[in-house]
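Asker: The sequence shown begins at 1 in our numbering and counts up one residue at a time.
Ideal placement from N, C-alpha and C gives every residue a C-beta, glycine not left out.
Just passing along the structure, written as structure tokens.
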Amino acid sequence: MRIGQLAQLVGVETQTIRFYEQQGLLPPPDRQDNGYRVYTALILELKGFYRNFGLTMDARGNELEDTLTAELEFMHFLTAKQAQAELEGLPPNAYQRAQRDFLERHLVVWLPLVREEVKAKVATQFFVALTELAEQFVTAHLQHVCCGKLIHRFS
């Protein structure tokens, strides 16, 4: 997808996309043989997840949809909605399915990569342990959502 298409789908100007690239908030896009930028659908997919539940990112915060904090906040939102549905006697299946899909397609996939990068680049053990804990937590939550079992493997 080219920059104009991405900007239109995301709802921002093309200059905003270029600004995010220059600031390092977006990874540099691939380029076609003709020099056009080609963007992946990751951010659009995340926007779609958020939009399906009536959420949008605050443009004033300059935070993109694919940051760890944004994705973890979205998981918190889904678990809170699940708990609310259960308290009201409503079926929580849609929220559980959304959690499973989101975990499988995003957090479970890239948290191991984040952990390895932190291990390779950061000397402070606190941050290494924090990424390991986040990865274990997300994996255990996925297991719980898929199978209804909570696994305590944290050490």
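Would a C-beta distance cut-off of 8 Å place residue 100 and residue 133 closer than the cut-off?
Answerer: For this step, residue 100 is matched to residue 100 along the sequence shown. For this step, residue 133 is matched to residue 133 along the sequence shown. Their beta carbons are not under 8 Å apart, which means residue 100 does not touch residue 133 by this criterion.
Asker: Check for me: the alpha helix (DSSP H) holding residue 123 runs from which residue to which?
Answerer: Reading the sequence shown from its first residue, position 123 is the one you call residue 123. From DSSP, residue 123 is part of no alpha helix (DSSP H); its letter is neither H nor E.
Asker: When the Cα of residue 81 is compared with those of 70, 71 and 98, which residue comes out closest?
Answerer: Translated into the one-based positions of the sequence shown, residue 81 becomes position 81. Minimum Cα distance to residue 81 is reached at 98.
Asker: What are the start and end residues of the alpha helix (DSSP H) that includes residue 76?
Answerer: Taking the first residue of the sequence shown as 1, we reach residue 76 at position 76. It spans 68–87 - the alpha helix (DSSP H) in which residue 76 sits, taken as one unbroken run.
Asker: Helix, strand or coil: which one does DSSP assign to residue 101?
Answerer: Residue 101 sits at position 101 when you count from the first residue of the sequence shown. Three-state result, residue 101: helix.
Asker: How many angstroms separate the CA atom of residue 90 from the CA atom of residue 108?
Answerer: As a first step, residue 90 is located in the sequence shown; it is residue number 90 there, counting from the start. As a first step, residue 108 is located in the sequence shown; it is residue number 108 there, counting from the start. For residue 90 and residue 108, the distance between alpha carbons rounds to 28 Å.
Asker: Using a threshold of 8 Å, state whether the C-beta atoms of residue 135 and residue 111 are closer than that.
Answerer: The count along the sequence shown starts at 1 and reaches residue 135 at position 135. The count along the sequence shown starts at 1 and reaches residue 111 at position 111. Result yes, Cβ atoms of residue 135 and residue 111 sit closer than 8 Å.
Asker: Residue 53 and residue 77: beta carbons closer than 8 Å?
Answerer: Within the sequence shown, the letter at position 53 stands for residue 53. Within the sequence shown, the letter at position 77 stands for residue 77. Going by C-beta atoms, residue 53 is nearer than 8 Å to residue 77.
Asker: Taking the C-alpha atoms as reference points, what is the distance between residue 30 and residue 5?
Answerer: Here residue 30 refers to the residue found at position 30 of the sequence shown. Here residue 5 refers to the residue found at position 5 of the sequence shown. Rounded to the nearest angstrom, the two C-alpha atoms are 15 Å apart.
Asker: If you draw a straight line from the C-alpha of residue 145 to the C-alpha of residue 86, how long is it?
Answerer: As a position in the sequence shown, residue 145 is number 145, starting the count at 1. As a position in the sequence shown, residue 86 is number 86, starting the count at 1. Those two C-alpha atoms are separated by around 14 Å.
Asker: With distance defined between alpha-carbon atoms, name the residue in 113, 12 and 147 nearest to residue 128.
Answerer: Within the sequence shown, numbered from 1, the residue matching residue 128 stands at position 128. Minimum Cα distance to residue 128 is reached at 113.
Asker: List the residues that DSSP assigns as beta-bridge partners of residue 30.
Answerer: Here residue 30 is taken as the residue at index 30 of the sequence shown, counted from 1. The partner list for residue 30 (beta bridge, DSSP) reads 38.
Asker: Alpha carbon to alpha carbon, how far is residue 205 from residue 3?
Answerer: The chain is shown from 1 up to 155; residue 205 falls before or after that span and cannot be answered.
Asker: What residue range is occupied by the uninterrupted alpha helix (DSSP H) comprising residue 14?
Answerer: Counted from its first residue, the sequence shown places residue 14 at position 14. First-last of the alpha helix (DSSP H) with residue 14: 14–22.
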